[in-house]
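Our numbering puts the sequence shown at residues 3 to 141.
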Amino acid sequence: MDVHSPEQRSFNMSRIRSTDTKPEIIVRKWLWAKGYRYRLYRKDLPGRPDIVISRYKTAVFINGCFWHHHEGCHYATIPATRTEWWTDKFLKTAERDRNAVQKLENAGWNVVTIWECEIRSGRFEEILMDRLLKTEPKT
């Protein structure tokens with residue numbers, strides 16, 4: 003049983019952002035400070051990446067550990083209520099993510115997935131630099 007009324011739960015869920023989240027803003031500020039220029043939420047690309055660095059043909063997805071169910075992460079919990087529904091939702095999200103990454107890679111894009119826990123720990127910087135340094139800029 004949910005601890006909130008349906009109205010309160012609906013209100014809470016309506017306040018969860020899908021764009022311009024704190025983790026995204028942290029990564030964007032870091033990239034900008036390093037001199038990388040990018041576009042946000044390109045609708046013409048599969049999966050609508052959070053950040054697109056066209057010069058490096060790189061798409062960056064910034065995934066919340068809970069919403070994208072980061073395997074092995076302590077932030078990726080399954081709620082105690084409606085567990086079957088949540089499990090199905092997480093499986094569908096993972097499949098959608100895999101499909102988007104596959105389509106981008108097939109089109110020649112480099113895909114970087116940064117997890118919320120990597121941003122919290124500061125590890126996203128080395129992950130991004132590792133992937134970007136391996137990629138030659140387009141001329």
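The beta-carbon is built from N, C-alpha and C at its ideal position, and this holds for glycine as well.
In chain order, what residues of the same chain lie with their CB nearer than 6 Å to the CB of residue 120, ignoring the 5 residues before and after it? 126
Who pairs with residue 61 in a beta bridge, going by DSSP? 54, 113
Quick check on the DSSP output: the alpha helix (DSSP H) that includes residue 85 runs from which residue to which? 85-108
Hey, out of 117, 26, 21, 28, whose CA is closest to residue 76's CA? 117
Mind reading off the beta-carbon distance from residue 133 to residue 114? Whole number of angstroms is fine, and I expect it under 8 Å. 5 Å
With a threshold of 8 Å between beta carbons, is residue 26 in contact with chain D? Absent here is chain D; the protein component of the structure consists of one chain.
With a CB to CB cut of under 6 Å and the five nearest residues on each side skipped, what residues in its chain are close to residue 53? 40, 62
In terms of DSSP beta bridges, what is residue 42 paired with? 53
Take the Cβ of residue 25 as the centre, count every other Cβ of all protein chains shown within 10 Å, and call the residue buried at 16 or more, exposed below. buried
Alpha carbon to alpha carbon, how far is residue 44 from residue 55? 10 Å
Applying the criterion that 16 or more other CB atoms from any shown protein chain within 10 Å of the CB defines a buried residue, is residue 5 buried or exposed? exposed
Pull up the distance between the alpha-carbon of residue 35 and that of residue 88, whole angstroms please. 38 Å
Nearest residue (CA-CA) to residue 50, options 102, 107, 94, 137: 102
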